[in-house]
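Trainee:
Numbering (our numbering), first residue to last: 2 to 729.
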């Protein structure tokens, strides 16, 4: 929109020929970077939800529209109408109520008498219709008056600017201000569909509007004549004809917008100003001769009546372009995977910038619809100390900054979903933020608390205070913040002032991936498992010490540890020191899609976090994953786990108490009936609290952030899931 305003401020001072040459130069630049998504956008052939097909079993539809820009266009309306009547077509003519010309009432009457339609084209056609909600509301009153005076039911804005939510203020049956794909427009975000769809009225006072309130959106699907012949300088309608064939093949809507102003009837076309009428005639002849009775040729108002009259109206979700940034291995980060794959599954274009775990992995690949770009490496051994952690993070930050800036310049993102740690990764999205993309910050861990736990720095010292300052800056930069659990939500919101724009989303389990499955093991061993990060706050060393007593009581028991972290060497040394080499076994990290099968084969899971550290409030997804798989869990009695779970679904032990942990493991391993009963109760709980039950909240949040204005979301349902007792 900014580009549009600048253009129209400069327009009076630029000669027509210079202005057109500048536009042509810019159009060639856009054309180069639009390969693969114009004139055909892959995915736009997917029908909207509830799409029933065209009336009478027709293969596709053809809708003809015309925007009249000036007095020359008014003079050419009759020749254009006669051309269409000659070939058996009808169309809609859209006139500007307060433009540079007056529309003769007799012309509107003549069009109507021949079965053509008249629509309203903007108000002033000056690019200022959507300047602000207040400006639009004032102009909507005048537009509605012209709609009534002309007996019109359709609207199209100037320059294809659009704010679909605002249009509910107009008394219209349809809007035609959008397109499937057209990167040459001032507001280049298309709807990504070649079908009409219903735009329901928004909720009123929190209550859903009546199903019948709304309007039909008719995106144009053939490139505008001015773009094709004047800007791009094409000399044949071949681009139109190829797109017609593609739309016909997929049963969509051929909707074209031809401006009478630019059509040369009976005179030589003027370069940069007009194109031969024969180009448009060739399109109509092609349709009539190749497809004959295969298509429906309605007026726009007839399409609106058809779609608006359906008992289940076709709904369309415009595909979003989303980038995620995570300083982690995507393959092992189930939280990021669930977000990304949920968006991709509904048709959004998602790319993830993440770390590469090993040299053999490709820098770029497509995984379940998500474009994964491994832009950083973390498989080399890190130097110890604070700088050893900070240096690779800064390198990753710089790489992501460059990538997001270039990506947004090439094709704007709708949303940037930035995952901590660290919080300052959010500033890698400074350029998309400046260009009005929405920013979602996802707090997996509270960085000041994590830092204090890891390095033991006093909260009053300089570096923790700096981290708190960065936390506040990062929160202020975000449009909305996701916090990993409800305990942290209240604390984070209070110290960052984000109470009205933060939401708790725990790391919910994908029930399709972590689903109970038949047992494949037939040995006599009893496997206790811990999969996760090998850090001090996880308390794995406590479990290894406790396992000495377990092996003495249950000789067939084995402790399998899957994961990596800065304590791995120390833990392995501890196991050797205690003579546990055969009973405690270490395995490398396994991608989340593969670890589920290994976890399902365990007899017992242990989550031994320290309650006197960062682990006291850090939610462990592994508990819910084991519960979903039907594996009983022993967990440390931490504040966070007591918040979400109770004794009927988890066997708690006193945090840090090695004998109590050993007793709990021995008791559960020696009592198969107790393990089975707990696993059954836990599985019931997990089925009601998984990602599938919460996914809609996340998608709602994304859509709210991507909506017009991209402002902060003021109200999104929280994912608070307080455990309630499950009958034993």
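Ideal Cβ positions, reconstructed from N, Cα and C, are used throughout, including at glycine.
Find out if the Cβ-Cβ distance for the pair residue 257, residue 66 is shorter than 8 Å.
Mentor: If you number the chain shown from 1, residue 257 lands on position 256. If you number the chain shown from 1, residue 66 lands on position 65. Yes, Cβ-Cβ distance for residue 257 and residue 66 is below 8 Å.
Trainee: Please report how far the alpha carbon of residue 671 lies from the alpha carbon of residue 424, in whole angstroms.
Mentor: Counting from 1 along the chain shown, the entry for residue 671 is found at position 670. Counting from 1 along the chain shown, the entry for residue 424 is found at position 423. Using only the alpha carbons, I get a separation of about 45 Å.
Trainee: Cβ atoms of residue 296 and residue 284: under 8 Å apart, would you say?
Mentor: Within the chain shown, residue 284 is the residue found at index 283, counting from 1. Within the chain shown, residue 296 is the residue found at index 295, counting from 1. Going by C-beta atoms, residue 284 is not nearer than 8 Å to residue 296.
Trainee: Can you tell me which of the three DSSP states residue 93 falls into?
Mentor: Here the question's residue 93 lines up with position 92 in the chain shown. Correct three-state label for residue 93: strand.
Trainee: Please say whether residue 687 and residue 629 have beta carbons closer to each other than 8 Å?
Mentor: As a working note, residue 629 is residue 628 in the chain shown. As a working note, residue 687 is residue 686 in the chain shown. Yes. Within cutoff.
Trainee: Are residue 545 and residue 576 touching if we call contact CB-CB under 8 Å?
Mentor: Here residue 545 corresponds to residue number 544 of the chain shown, with the count starting at 1. Here residue 576 corresponds to residue number 575 of the chain shown, with the count starting at 1. Yes, Cβ-Cβ distance for residue 545 and residue 576 is below 8 Å.
Trainee: Mind the definition here: the stretch 345-357 touches the stretch 368-378 only if three or more C-beta pairs lie below 8 Å; say whether that holds.
Mentor: Cβ pair count under 8 Å is three or more, so yes.
Trainee: Since residue 505 sits in a beta bridge, which residues does DSSP pair it with?
Mentor: By 1-based counting over the chain shown, the position of residue 505 is 504. DSSP, once it has assigned bridges, lists 484 as partnering residue 505.
Trainee: So which of 203, 75, 308 and 531 has the shortest CA-CA distance to residue 53?
Mentor: Within the chain shown, residue 53 is the residue found at index 52, counting from 1. That would be 308, whose Cα lies nearest to the Cα of residue 53.
Trainee: Hey, would you say residue 162 sits closer than 8 Å to residue 28, going by beta carbons?
Mentor: In the chain shown, the residue the question calls residue 162 occupies position 161. In the chain shown, the residue the question calls residue 28 occupies position 27. No, Cβ-Cβ distance for residue 162 and residue 28 is not below 8 Å.
Trainee: Taking the runs of the alpha helix (DSSP H) that are 4 residues or longer, which of them lie wholly in the stretch 97-159?
Mentor: Segments of the alpha helix (DSSP H) lying fully in the stretch 97-159: 106-114 and 134-151.
Trainee: Leaving out five residues on either side along the sequence, give the residues of the same chain with a beta carbon under 6 Å from the beta carbon of residue 100.
Mentor: Counted from its first residue, the chain shown places residue 100 at position 99. The answer, listed in chain order, is 126.
Trainee: List the DSSP bridge partners of residue 221.
Mentor: What you label residue 221 is simply residue 220 of the chain shown in a count that begins at 1. DSSP lists 180 as partners of residue 221.
Trainee: Could you spell out where the beta strand (DSSP E) holding residue 418 opens and where it closes?
Mentor: Counting from one through the chain shown, the residue named residue 418 turns up at place 417. Per DSSP, residue 418 belongs to the beta strand (DSSP E) from 416-420.
Trainee: So, do the stretch 190-197 and the stretch 330-337 have three or more beta carbon pairs nearer to each other than 8 Å?
Mentor: No, the stretch 190-197 does not touch the stretch 330-337.
Trainee: Please confirm whether residue 122 and residue 68 have their CB atoms less than 8 Å apart.
Mentor: The sequence position of residue 122 within the chain shown is 121, counting from 1. The sequence position of residue 68 within the chain shown is 67, counting from 1. Taking 8 Å as the Cβ cut-off, residue 122 and residue 68 qualify as a contacting pair.
Trainee: For residue 497, is the beta carbon positioned less than 7 Å from some heavy atom of the ligand NAD?
Mentor: Inclusion of the ligand NAD in the displayed structure is not the case, the ligand content being empty and no account of it being possible.
Trainee: If I follow the unbroken alpha helix (DSSP H) through residue 536, where does it start and stop?
Mentor: Here residue 536 refers to the residue found at position 535 when the chain shown is read from its first residue. Segment: none, residue 536 is in no alpha helix (DSSP H) and carries neither H nor E.
Trainee: Could you check if residue 186 is buried or exposed, using at least 16 other CB atoms within 10 Å of its CB as the buried criterion?
Mentor: Position 185 of the chain shown, counted from the first residue, corresponds to residue 186. When all chains shown are included, residue 186 counts as buried.
Trainee: What is the DSSP secondary structure of residue 396, reduced to helix, strand or coil?
Mentor: Working through the chain shown from its first residue, we reach residue 396 at position 395. Helix, per DSSP.
Trainee: Where do the N-terminal and C-terminal ends of the beta strand (DSSP E) with residue 637 fall, by residue?
Mentor: Residue mapping note: residue 637 aligns to position 636 of the chain shown, counting from 1. Where residue 637 is concerned, the enclosing beta strand (DSSP E) stretches over 634-637.
Trainee: For the stretch 603-614 and the stretch 491-508, state whether three or more C-beta atom pairs, one from each stretch, are separated by less than 8 Å.
Mentor: Not touching, per the Cβ criterion.
Trainee: Along the alpha helix (DSSP H) that carries residue 67, what are the first and last residues, could you check?
Mentor: Locating residue 67 in the chain shown gives position 66, where the first residue counts as 1. Careful: residue 67 lies outside any alpha helix (DSSP H), inside the beta strand (DSSP E) at 61-68.
Trainee: Drop a sphere of 10 angstroms on the beta-carbon of residue 218, count the other beta-carbons inside from all chains shown, and report buried for 16 or more, exposed for fewer.
Mentor: For the purposes of this step, residue 218 is taken as residue 217 along the chain shown, with counting starting at 1. It is buried - the Cβ of residue 218 has at least 16 other Cβ atoms within 10 Å.
Trainee: Taking the C-alpha atoms as reference points, what is the distance between residue 735 and residue 422?
Mentor: A query on residue 735 cannot be resolved here, the shown segment of the chain reaching from 2 to 729 and no further.
Trainee: Between residue 117 and residue 476, what straight-line distance do the alpha-carbon atoms span, to the nearest angstrom?
Mentor: In the chain shown, counting from the first residue as 1, residue 117 sits at position 116. In the chain shown, counting from the first residue as 1, residue 476 sits at position 475. If I take the Cα positions, the gap works out to 55 Å.
Trainee: Restricting to Cα atoms, I'd like to know which of 482, 509, 282 and 286 is closest to residue 627.
Mentor: Walking along the chain shown from the start, residue 627 turns up at place 626. Comparing Cα positions, the closest option is 509.
Trainee: Out of 281, 650, 64 and 356, state which residue places its alpha-carbon closest to the alpha-carbon of residue 236.
Mentor: In the chain shown, the residue the question calls residue 236 occupies position 235. It is 281 whose Cα lies nearest to the Cα of residue 236.
Trainee: Check whether the stretch 90-110 touches the stretch 317-327, counting contact only when three or more Cβ pairs, one atom from each stretch, lie closer than 8 Å.
Mentor: Verdict: no, contact absent.
Trainee: Going by DSSP, what residue range makes up the alpha helix (DSSP H) through residue 734?
Mentor: Because residue 734 is not part of the residues shown, which for the chain are 2 to 729, the question remains open.
Trainee: Would you check if there are 3 or more beta carbon pairs closer than 8 Å linking the stretch 138-145 to the stretch 174-188?
Mentor: No: the two stretches stay apart, fewer than three of their Cβ pairs being nearer than 8 Å.
Trainee: What separation, rounded to the nearest whole angstrom, lies between the Cα atoms of residue 438 and residue 405?
Mentor: For the purposes of this step, residue 438 is taken as residue 437 along the chain shown, with counting starting at 1. For the purposes of this step, residue 405 is taken as residue 404 along the chain shown, with counting starting at 1. Approximately 11 Å between the Cα atoms of the pair.
Trainee: Below 6 Å CB to CB, which residues in the same chain sit around residue 397 once its five sequence neighbours on both sides are set aside?
Mentor: For the purposes of this step, residue 397 is taken as the residue at position 396 of the chain shown. Excluding residues within five positions, the ones whose Cβ falls inside 6 Å are 328 and 377.
Trainee: Do residue 666 and residue 624 have their C-beta atoms closer together than 8 Å?
Mentor: Numbered from its first residue, the chain shown carries residue 666 at position 665. Numbered from its first residue, the chain shown carries residue 624 at position 623. It is not a contact, given that the beta carbons lie outside the stated cut-off.
Trainee: Quick one: Cα of residue 277 to Cα of residue 120, how far?
Mentor: The residue given as residue 277 occupies position 276 in the chain shown. The residue given as residue 120 occupies position 119 in the chain shown. If I take the Cα positions, the gap works out to 25 Å.
Trainee: For residue 77, is the classification buried or exposed, using 16 other Cβ atoms within 10 angstroms of its Cβ as the cut-off for buried?
Mentor: Reading the chain shown from its first residue, position 76 is the one you call residue 77. It counts as buried.
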